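In the UniProt record's numbering, the protein residues as written are 1 to 1089. For each residue, glycine too, the CB sits at the ideal point set by N, CA and C. In this text, all values refer to a predicted model and were calculated from it rather than measured experimentally.
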């Protein structure tokens, strides 16, 4: 589109819109992106802000807010097209721009150069009201915005800020104020004295005051700004905060209609009451800025889209009173401003009023001028006239009566409604002309909108379609990626594999950081209250912080996460705003750095220097970030930062020096200091309301319990800024509305991220169930007075909310469920493996004597040094079969849910190492096990229909043998069930395709060769950190020392588990068991290293 075309956008997914020129918006986004993508003559960026557009779905014609995923700037062509409709709406676009149009009763997607007069373009039937209407106009914020630079226009504004300057001196010191004033005034001391004493010369220029606040990092409160006076003359003042009252909005409406601004005054002519003149230069300049000075450049004030229905109707009522009149079948208004006509068409849609605009030539009656072009806006049709009378209307009795007379007419002159389509939520504007025009501007602009690729733009508002081919963008833009797995074990395996596959990317790990977690709960049947109890794994917590930090700093980030990633996390906006930026040579007081660290929830501890803490030694500040294994040393010389370096917290040796560093908060759950009082007041308000509800229901015990618990929490928050279970008040600390979803890890991703859901047939049901499980637990806590209802808002996402955050998703599963198949636009089968391996052959054998046959098959594999997996239906059968095989000399182990997690990892590793040959299990030998040494999977009781022997389960278990060239699956069954039949048919289909491909391309299948890690390895963004188990020295120890040694080993075991050294912890556990079992005999001394 032409860069001057308006587009309706929202910052955030709430409908609080504003209308901007698309060229200015896209240029701004591209300038903020340090690395915009360039392809030929096109520059594009996903942007750094969350912009949304009003979009229409071509499938359902439903209108909703959709995120803008790409901002695009093209080199302009030499020819453009102006598309105009019969109702007066128009837009200027390129010839290859797309439109959804209604042609011959069919909705079609056509390029501009294929449009015809008579085609229909969709227009919204109405525009929704903003979710948070504004109540006042902040002139100080407005005058400092990028859109209004008054000094360049010759308008010099001054402010009286005596009280704020005194406040700044108290907080920052007189020296800081003097430093700012000295840059602008020859005698800063005299200026400061005048300000403080409130004598002649106390006013300072608005831009000076703005720079002072910026340099001193101070944001005045609304109360402070309401005391500020702005002036552009000697004794003419404007308050910095103007309430958007009905009277003020009527003034704007009258000025729009009949106002005329000169240099020092403005006049409003009202026919019934004569002319009004206001000689106040400040107000003159304000009206010029908000609305315009001449008739041709008038427009609705920029904030009209954020007014409530009542506010907007007050302004429009005054405008129509001043400029409107009534014709035979319509209400009309005439304006010399094309921009105002466009604004009015959109503004009237707020009241479901469909208006038409027509360009006409008119000559003033009292002038000899040949005339000029005007735009006439007409409102006709009874439906539109009724809406106009109900919501807007006129002020004077004469015009009110004329409108009532018009409402009694039966004629319906609206020609813009298609027959039989009155009830649709869109209207259809008929194209009246398509004309080509020469074009000499440098660029044209576009945006890409998620899903529908449509957005509301153009003069008067038309739904347009995006042109840019997103497939090309995806191929050339490296997207941040989230991979969700359904359990921690598989997530850890994926994390290790992606770290090795992408050694130069930021590969991160994000799972629940609890080693142990007992949620708060209440069991009413036994009157049992269970207090929250948890143990946080420090290593995983560090990795979680590292993940969010990487997302905010790098686009080449890959995060492997469990389903806990949809649980509530602190707001990314607050997290980003609270970071501390330090640069060598910058002047910043030491106290300010320390205060900021405390606000970021770092704890000062000069003795125990560990993660999330800082210490101070003179002019040296040392910080141990929550997301790093290296600490930061900041060396000051007075208030100047002399050096920044990274050092090893253990050896204190310096690693390297930095010119600049960003320090992120120590927790994701934090809020700016000014939000604390708001949260406390809101909690108190909810408490009073909830206590009234409980007492009215006769629940006196619950009310007393809730009151005492909540007041104790409030006291703790006031005193130390924290309380146990503070997450239950997270709604207030994050500023969310009741029921509004919490922020989560996905919110830290840019809008164009890519999502993989691994083993989706398992992960999707978990994502579905998380919200319901959390709510059912909290029902009792709320109903029985343990928590306020706001505790419901500390929760995981609802599945519908999770779906709304998806940009592009790839479901990964060998056995996708109906949900994935229904949601997918394309299904791709990855049947061909790089190694040429085919799916294992499946053999069905009778279940008359399965164990004897299995024993023979096991011996064949043992001779070839291969491994065997055997699956049973019950734990008891797994243990009995293991004992039987063990008695026959087979090296065998079993694996089921009662085997602890650490022990499972050790068993699987020992299987690969060849310490035993057969592993017997139940439902654990399925998704995610990557065991190339396994050549046989034996499934006992395969004909027992159910979850463990469904088609999905059988295919997944068979897949465990697909890593070996000799892979085979044996099903022991007396009959072939429907699940077996489907699994056999699917496997045979895959094998046929794989074999044909190998034959065609002369591929010889090869067994996967994969290194066996000596232990669990964790990876940071750029290196591997192996945690190795030491070989133990052996000495003899007397029985009397055994208890002491057990205590030492238990301590070491817990420490190893905290550090994710699970195998080392398992070795300590085995030794402890041995010590406890044999206490009377002399023992070898076991090392406690």
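1) Residue 295 and residue 254 look like a contact to me (Cβ under 8 Å); what is the Cβ gap, rounded to whole Å?
2) Give me the DSSP bridge partner(s) of residue 964.
3) Does the separation of the CB atoms of residue 536 and residue 513 fall below 7 Å?
4) Residue range of the beta strand (DSSP E) that residue 895 falls in?
5) Whole angstroms is fine: what's the gap from residue 12's alpha carbon to residue 446's?
6) Give the straight-line distance between the Cα atoms of residue 836 and residue 966, rounded to the nearest whole angstrom.
7) Taking Cβ to Cβ, would you say residue 15 is nearer than 7 Å to residue 131?
8) Would you call the stretch 867-875 and the stretch 981-997 in contact, with 3 or more CB pairs under 8 Å?
9) Using the rule of at least 16 other Cβ atoms within 10 Å of the residue's Cβ for burial, across every protein chain shown, is residue 575 buried or exposed?
10) Expressed to the nearest angstrom, what Euclidean distance is found between the alpha-carbon atoms of residue 1072 and residue 1052?
11) Based on the DSSP secondary-structure assignment, which residues constitute the bridge partners of residue 162?
12) Give me, in chain order, the residues of the same chain whose beta-carbon lies closer than 8 Å to that of residue 231; leave out the 5 immediate sequence neighbours on both sides.
13) Among the residues of its own chain, which have a CB less than 6 Å from the CB of residue 8, if the five just before and after it don't count?
14) Within a Cβ cutoff of 6 Å, which residues of the same chain sit near residue 540, ignoring the five residues on either side of it in sequence?
15) Give the C-beta separation of residue 432 and residue 92 to the nearest angstrom, bearing in mind that I take them to be a contact with Cβ-Cβ under 8 Å.
16) Taking contact to mean 3 or more Cβ pairs, one atom from each stretch, closer than 8 Å, check whether the stretch 343-359 and the stretch 368-382 are in contact.
17) Output the distance between the C-alpha atoms of residue 24 and residue 126, rounded to the nearest integer angstrom.
18) Assess, as a yes-or-no matter, whether the stretch 934-954 is touched by the stretch 794-812 under the definition of 3 or more beta carbon pairs within less than 8 Å.
19) With 16 as the cutoff for other CB atoms within 10 Å, does residue 486 come out buried or exposed?
20) I need the straight-line Cα distance from residue 674 to residue 733, nearest angstrom please.
21) Tell me whether the beta-carbon of residue 165 lies closer than 7 Å to the beta-carbon of residue 184.
22) Which stretch, first to last residue, makes up the alpha helix (DSSP H) that contains residue 90?
23) Is the stretch 632-642 in contact with the stretch 612-622, if contact means three or more CB pairs nearer than 8 Å?
24) Can you tell me the Cβ-Cβ gap for residue 120 and residue 429, rounded? I've got them flagged as a contact below 8 Å.
25) Starting from residue 24 and walking both ways along the beta strand (DSSP E), at which residues does that stretch end?
26) Which class does residue 170 belong to by DSSP, given the choice of helix, strand or coil?
27) Does residue 523 pass the burial test, meaning 16 or more other C-beta atoms within 10 Å, or should it be called exposed?
28) Figure out for me which residue from 402, 787, 261, 449 has the closest Cα to the Cα of residue 66.
29) Helix, strand or coil for residue 877, going by three-state DSSP, please let me know.
30) Which first and last residues belong to the alpha helix (DSSP H) in which residue 726 is found?
31) Leaving aside the five residues before and after residue 102 along the sequence, list all residues of the same chain whose C-beta is less than 6 Å from its C-beta, in chain order.
32) Just verifying my parser: in three-state terms, what is the DSSP assignment at residue 546?
33) Measuring CB to CB, does residue 571 end up less than 7 Å from residue 743?
34) Give the DSSP-derived three-state secondary structure of residue 1002 in the structure shown.
35) Which residue marks the beginning of the beta strand (DSSP E) containing residue 70, and which one marks its end?
36) Compute the Euclidean distance between the alpha carbons of residue 73 and residue 549, then round it to the nearest angstrom.
On the basis of the supplied data:
1) Taking the first residue of the chain shown as position 1, residue 295 is located at position 295. Taking the first residue of the chain shown as position 1, residue 254 is located at position 254. 14 Å between Cβ atoms; not a contact.
2) The count along the chain shown starts at 1 and reaches residue 964 at position 964. Looking at the DSSP assignment, residue 964 forms no beta bridge with any residue, so it has no partner.
3) Taking the first residue of the chain shown as 1, we reach residue 536 at position 536. Taking the first residue of the chain shown as 1, we reach residue 513 at position 513. It is a contact, given that the beta carbons lie within the stated cut-off.
4) Numbered from its first residue, the chain shown carries residue 895 at position 895. Residues 892-895.
5) Position 12 of the chain shown, counted from the start, is the residue given in the question as residue 12. Position 446 of the chain shown, counted from the start, is the residue given in the question as residue 446. Cα to Cα, residue 12 sits roughly 19 Å from residue 446.
6) On the chain shown, residue 836 is found 836 positions in, with the first residue counted as 1. On the chain shown, residue 966 is found 966 positions in, with the first residue counted as 1. Straight-line Cα distance between these residues: approximately 13 Å.
7) For the purposes of this step, residue 15 is taken as residue 15 along the chain shown, with counting starting at 1. For the purposes of this step, residue 131 is taken as residue 131 along the chain shown, with counting starting at 1. Yes.
8) no
9) Looking up residue 575 in the chain shown gives position 575. So residue 575 counts as buried.
10) Sequence index remark: in the chain shown, residue 1072 carries index 1072 (1-based). Sequence index remark: in the chain shown, residue 1052 carries index 1052 (1-based). The straight-line gap from Cα to Cα measures roughly 11 Å.
11) Position 162 of the chain shown holds residue 162. According to DSSP, which records beta bridges pairwise, residue 162 is partnered with nothing at all.
12) Within the chain shown, the letter at position 231 stands for residue 231. Correct list, in chain order: 157, 158, 159, 160, 203, 237, 238, 282.
13) The sequence position of residue 8 within the chain shown is 8, counting from 1. So the list reads 17, 19, 54, 456, once near-sequence residues are dropped.
14) Within the chain shown, numbered from 1, the residue matching residue 540 stands at position 540. 513.
15) Start at 1 with the first residue of the chain shown, and residue 432 comes out as number 432. Start at 1 with the first residue of the chain shown, and residue 92 comes out as number 92. Not quite, the Cβ-Cβ distance comes to about 15 Å (not below 8 Å), so this is no contact.
16) yes
17) On the chain shown, position 24 is the one that residue 24 refers to. On the chain shown, position 126 is the one that residue 126 refers to. Between residue 24 and residue 126, the C-alpha separation is close to 26 Å.
18) no
19) Taking the first residue of the chain shown as position 1, residue 486 is located at position 486. So residue 486 counts as buried.
20) Counting from 1 along the chain shown, the entry for residue 674 is found at position 674. Counting from 1 along the chain shown, the entry for residue 733 is found at position 733. Looking at the two C-alpha atoms, the distance is approximately 10 Å.
21) Start at 1 with the first residue of the chain shown, and residue 165 comes out as number 165. Start at 1 with the first residue of the chain shown, and residue 184 comes out as number 184. The answer is no: Cβ separation not under 7 Å.
22) Here residue 90 is taken as the residue at index 90 of the chain shown, counted from 1. Careful: residue 90 lies outside any alpha helix (DSSP H), inside the beta strand (DSSP E) at 90-93.
23) yes
24) Residue 120 sits at position 120 when you count from the first residue of the chain shown. Residue 429 sits at position 429 when you count from the first residue of the chain shown. About 7 Å separates the two Cβ atoms, so the contact holds.
25) In the chain shown, counting from the first residue as 1, residue 24 sits at position 24. That residue, residue 24, is in no beta strand (DSSP E); its alpha helix (DSSP H) goes 22-32.
26) Indexing the chain shown from 1 puts residue 170 at position 170. In this structure, residue 170 counts as helix in the three-state DSSP scheme.
27) Sequence index remark: in the chain shown, residue 523 carries index 523 (1-based). By the 10 Å Cβ count, residue 523 comes out exposed.
28) Locating residue 66 in the chain shown gives position 66, counting from the first residue. With distances taken between Cα atoms, residue 66 lies closest to 449.
29) As a first step, residue 877 must be located in the chain shown, where it is residue number 877. Residue 877: helix per DSSP, three-state reduction.
30) Here residue 726 refers to the residue found at position 726 when the chain shown is read from its first residue. Residue 726 -> no alpha helix (DSSP H), and no H or E assigned at all.
31) Looking up residue 102 in the chain shown gives position 102. Excluding sequence neighbours, residue 102 sits near 120, 428.
32) By 1-based counting over the chain shown, the position of residue 546 is 546. Three-state result, residue 546: helix.
33) Indexing the chain shown from 1 puts residue 571 at position 571. Indexing the chain shown from 1 puts residue 743 at position 743. Contact: yes.
34) In the chain shown, residue 1002 corresponds to position 1002, counting from 1. In this structure, residue 1002 counts as coil in the three-state DSSP scheme.
35) Taking the first residue of the chain shown as position 1, residue 70 is located at position 70. Start and end: 63-75.
36) Numbered from its first residue, the chain shown carries residue 73 at position 73. Numbered from its first residue, the chain shown carries residue 549 at position 549. Rounded to the nearest angstrom, the two C-alpha atoms are 30 Å apart.
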